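In terms of UniProt numbering, the sequence shown is residues 1 to 292. Glycine included, C-beta positions come from ideal geometry on N, C-alpha and C. Please read these numbers as outputs of a predicted model, since none were measured by experiment. To keep things clear, I will list the structure first and then write my remarks on it.
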Amino acid sequence: MKSNNLFTEIKDYVVITLSLLLYTTGVIFFLIPAEVVGGGVTGIASLVYFYSGGTIPVAIPFVIINGVLVAIGMKLFGPKFGIKTVFAIVVTFVFLFVGQLFATPEIFQTLANTEPLLVAIIGGMCTGAGVGIAIAQGGSTGGTDIIALIANHYWNVPLGRTILYVDILIVSSSFFVVENPISVIYGFVALAMTAYFVDLVIEGRKQSVQFFIFTEKHEEMANRISEEIGRGVSLIDSYGWYTKKDKKIVMVLTRKVENRQIFRVVKEVDDKAFVSMNIVNGVYGNGFELIR
C-alpha cells in the first residue's frame with residue numbers, strides 16, 4: 001500500500017509539472033507576444049513586464065507577489081495551502097523564468113502580429129487547461145485564490161466574485177500599459193477562455209459513472225474493484241429471465257477518470273461479463289461530492 005501511495009504522489013507531481021508547462025506555454029508563447037494580459041498574479045506580472053519595457057521578466061514579480069500572498073495566507077489561515085501549492089508556484093516561476101531567457105520563436109511572434117484574437121483564444125485555452133489539471137491534482141498557482149480567501153475572511157465576500165473582480169481589474173489595467181488598446185479586448189477573451197477551460201477540466205474529472213456488471217464471478221469482481229480501485233461495491237439480487245437462474249449484479253459508482261481501471265479489472269476477472277455504463281448527474285456522499 002505504501003508503494004502505491006508513493007507512486008500516486010509521484011504521479012500527482014509529474015502531472016502538476018506537465019500542466020504548469022502547458023500553462024506557461026500559453027503565457028510565454030501566446031499571450032505575451034501579442035501583449036495580451038490575462039488574469040491572476042501572472043497577469044499582474046505581465047503588466048509589470050510591459051510597463052518596464054520588457055526589462056523585468058514576468059517570473060520575478062510573479063514569485064514575489066505569490067511569496068507575499070502565501071506568507072499572509074499562512075499567517076491568517078495556517079499551513080492550509082499545502083506543499084503542492086508551494087511546489088506549483090516554484091515550478092511556474094522556473095518555467096516562466098527559463099521561457100523568457102530565450103527569444104520568442106518567430107512563428108509565434110508572427111502569429112501574434114497577424115492573428116491576435118486566435119492567439120488570445122489559444123493562450124486562454126492553454127492557461128485554463130493547465131490550471132484546471134493542476135487544481136484537479138491538488139495543486140494551485142496561488143495568487144488571486146489567496147486574495148479571495150483574505151477578502152472572504154475580513155469582509156465575507158464570496159470567493160468566486162472576488163476572483164472575478166480582481167481579474168477584471170487586472171485585465172482592464174492593461175489599457176494603461178500596452179501599446180495597442182485593442183489588446184484589452186483580447187485580454188478579456190483570454191480570461192473567458194481560461195475560466196471556461198478550468199471549469200471544463202475540473203468538472204470533467206468530477207463526472208460520475210454508474211456500472212452494472214453481470215458476471216458469474218461476482219465475488220472476485222467485487223473484491224478486485226474494492227481493493228484495487230478503492231470504490232465501494234454493492235451486489236444486487238436479480239433473476240435472469242433467459243437463463244431462468246438467480247443472478248448477482250455488481251453495482252459500483254466511480255469517477256469517469258476511473259473507467260479504464262474498471263474495464264481492466266472486468267477483462268482480467270471475466271472477459272465474458274456483460275457491462276452497462278451510465279453517466280449520472282450527481283453522486284453525493286463519501287468519496288464524491290458533499291451534500292450542501
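Backbone CA spacing between residue i and residue j [nearest angstrom]
| i | j | result |
| --- | --- | --- |
| ILE32 | LEU169 | 18 Å |
| ALA34 | SER276 | 49 Å |
| THR144 | GLN207 | 26 Å |
| VAL266 | ASN286 | 24 Å |
| ILE213 | VAL252 | 8 Å |
| PHE176 | ILE135 | 32 Å |
| LEU235 | ARG224 | 14 Å |
| GLY39 | VAL27 | 11 Å |
| PHE30 | GLY123 | 5 Å |
| CYS126 | MET221 | 40 Å |
| LYS272 | GLY240 | 16 Å |
| ILE147 | ASN281 | 32 Å |
| LEU200 | THR243 | 44 Å |
| ALA112 | VAL119 | 6 Å |
| ARG255 | THR85 | 24 Å |
| LEU117 | ALA190 | 9 Å |
| TYR23 | ILE249 | 44 Å |
| SER140 | ASP12 | 12 Å |
| HIS218 | VAL269 | 9 Å |
| GLY128 | VAL70 | 22 Å |
| GLY138 | GLU203 | 14 Å |
| VAL90 | LEU76 | 21 Å |
| LYS247 | PHE288 | 28 Å |
| TYR196 | GLU216 | 44 Å |
| VAL209 | THR162 | 33 Å |
| MET74 | PHE274 | 52 Å |
| PRO105 | GLY99 | 11 Å |
| TYR186 | VAL36 | 6 Å |
| VAL257 | THR8 | 14 Å |
| PHE50 | VAL184 | 13 Å |
| ASP237 | ASN278 | 19 Å |
With 16 other Cβ atoms within 10 Å as the buried cut-off, status of residue i
| i | result |
| --- | --- |
| MET1 | Confidence is the limiting factor: at MET1 the pLDDT is only 48, short of 50, which leaves the residue's position unreliable, though a coordinate-based value still follows. So MET1 ends up on the exposed side. |
| THR114 | exposed |
| ASP167 | buried |
| ILE83 | exposed |
| VAL68 | exposed |
| PHE211 | buried |
| VAL178 | buried |
| LEU101 | exposed |
| PHE93 | buried |
| HIS153 | exposed |
| ASN180 | exposed |
| THR110 | exposed |
| ALA103 | exposed |
| TYR284 | exposed |
N- and C-terminal bounds of the alpha helix (DSSP H) containing residue i
| i | result |
| --- | --- |
| GLY285 | Taken as a continuous stretch (DSSP letters only), GLY285 belongs to no alpha helix (DSSP H), as it is neither H nor E. |
| VAL119 | 116-136 |
| GLN261 | 259-269 |
| SER140 | SER140 -> no alpha helix (DSSP H), and no H or E assigned at all. |
| ILE44 | 40-51 |
First and last residue of the uninterrupted beta strand (DSSP E) at residue i
| i | result |
| --- | --- |
| ILE28 | It is not in any beta strand (DSSP E) - ILE28 carries neither H nor E in the DSSP assignment. |
Opposing strand residues paired with residue i [DSSP bridges]
| i | result |
| --- | --- |
| ASP246 | TYR239 |
| ILE279 | VAL209 |
| residue 301 | The chain is shown only over 1 to 292; residue 301 falls outside these bounds and no answer can be derived. |
| PHE274 | PHE214 |
| residue 347 | Nothing about residue 347 can be reported from this structure: the residues present for the chain run from 1 to 292 only. |
| VAL233 | VAL252 |
Residue i CB to nearest heavy atom of the ligand MG below 7 Å
| i | result |
| --- | --- |
| GLY38 | Of the ligands one can find in the structure shown there are none, so the ligand MG has no counterpart to examine. |
Exercise for the section: For the stretch 60-70 and the stretch 5-17, state whether three or more C-beta atom pairs, one from each stretch, are separated by less than 8 Å. Expected result: Counting Cβ pairs under 8 Å, fewer than three are found: no touch.
Exercise for the section: Inspect the CB distances between the stretch 255-265 and the stretch 221-230 and report whether three or more fall short of 8 Å. Expected result: Pairwise C-beta distances place the stretch 255-265 in contact with the stretch 221-230, as three or more of them are shorter than 8 Å.
Exercise for the section: Could you tell me whether the stretch 150-159 touches the stretch 43-58, using the rule of 3 or more Cβ pairs below 8 Å? Expected result: Contact fails between the stretch 150-159 and the stretch 43-58, because fewer than three Cβ pairs, one in each stretch, are under 8 Å apart.
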